[in-house]
Amino acid sequence: MNDTIRLISDLAWRMRRDQLRRSPDWQEAERQKETLYRAFCSRHRRNHGLLCAVNDLLDARGALAELESDGSFLLGLQMGLELGSLRVLKKAE
Numbered sequence: 046m047n048d049t050i051r052l053i054s055d056l057a058w059r060m061r062r063d064q065l066r067r068s069p070d071w072q073e074a075e076r077q078k079e080t081l082y083r084a085f086c087s088r089h090r091r092n093h094g095l096l097c098a099v100n101d102l103l104d105a106r107g108a109l110a111e112l113e114s115d116g117s118f119l120l121g122l123q124m125g126l127e128l129g130s131l132r133v134l135k136k137a138e
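Everything in the sequence shown is counted per this note's numbering, starting at 46 for the first residue and increasing by one.
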């Protein structure tokens with residue numbers, strides 16, 4: 046990936062993250078996730094192996110979700126670049 050695409054990808058990721066954090070739906074989902082996670086950790090605090098395994102699973106799922114998101118963005122960017130090079134849209138006169 047060239048530097049320009051990397052820069053655009055990083056900028057879009059940050060903008061999407063910032064926009065999501067302002068969303069009431071995202072904020073509620075984040076609160077619910079934290080509540081469930083704290084309750085789970087409290088309930089199983091003596092089972093270090095289980096906590097580590099669950100954290101590893103969450104990390105793996107998060108990594109996959111991030112790769113899926115990045116892949117979708119890059120595919121959209123590539124499609125936009127290719128459509129732009131086809132000159133499908135007429136210029137305004």
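Even for Gly, the Cβ is constructed at its ideal location relative to N, Cα and C.
None of these values were measured; they are calculated from a predicted model.
| request: Could you give the DSSP three-state label for serine 25: helix, strand or coil? | output: Residue numbering for the chain in the displayed model covers 46 to 138; residue 25 lies beyond these limits and cannot be assessed.
| Touch test, the segment 48-57 against the segment 109-120, Cβ-Cβ under 8 Å, three pairs minimum | As far as the Cβ criterion goes, the segment 48-57 touches the segment 109-120, which means the pair count is three or higher.
| According to DSSP, is asparagine 47 helix, strand or coil? | Sequence index remark: in the sequence shown, residue 47 carries index 2 (1-based). In the structure shown, asparagine 47 adopts coil according to DSSP, grouped into three states.
| task | To the nearest angstrom, report how far apart arginine 90 and methionine 124 are at their CA atoms. | result | Reading the sequence shown from its first residue, position 45 is the one you call residue 90. Reading the sequence shown from its first residue, position 79 is the one you call residue 124. Distance from the CA of arginine 90 to the CA of methionine 124, rounded to the nearest whole angstrom, comes to 48 Å.
| query | According to the Cβ coordinates, are tryptophan 71 and leucine 65 closer than 8 Å? | reply | Indexing the sequence shown from 1 puts residue 71 at position 26. Indexing the sequence shown from 1 puts residue 65 at position 20. It is a contact, given that the beta carbons lie within the stated cut-off.
| task | State the Cα-Cα distance for the pair aspartate 48 and arginine 88, rounded to the nearest angstrom. | result | Taking the first residue of the sequence shown as 1, we reach residue 48 at position 3. Taking the first residue of the sequence shown as 1, we reach residue 88 at position 43. So the two alpha carbons sit approximately 46 Å from each other.
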